[in-house]
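In my numbering, the protein residues as written are -14 to 83.
What follows is the structure, given as structure tokens:
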């Protein structure tokens, strides 16, 4: 049986929930789901330039968990960019940045 998912601190709230290639109808696109914690990991490491240990502390997860989130998120974003897929950001649970 899988362990229950521990709530994570998410500090970003994107203004849009879907990004897609311009000029291609959604009905013709495959899509990829990006979890809110994956987006937050990317924001902290790639946009803000935090070290993984600092980002992990901010999200209240282990450094290994953060590394796994960043790896999964990068794969999904590159997959969408190179293979013309829509990127959907999953709805965020009501766990905020205190």
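Backbone N, C-alpha and C fix where the C-beta goes; we use that ideal spot for every residue, glycine too. The model shown is predicted, which means the values in this text are computed figures rather than measured ones.
- Below 8 Å, too few C-beta pairs join the region 2 to 11 and the region 28 to 37 to call them touching: fewer than three.
- Under the DSSP definition of a beta bridge, residue 4 partners with 72.
- Contact holds between the region 46 to 56 and the region 20 to 29, because three or more Cβ pairs, one in each stretch, are under 8 Å apart.
- One thing to note: residue 71 has its Cβ within 8 Å of the Cβ of residue 11.
- CA-to-CA, the gap between residue 42 and residue 48 works out to about 8 Å.
- In its chain, beyond the 5 residues on either side, 68, 70, 71 have a beta carbon closer than 8 Å to the beta carbon of residue 15.
- The bridge partners DSSP lists for residue 23 come to none.
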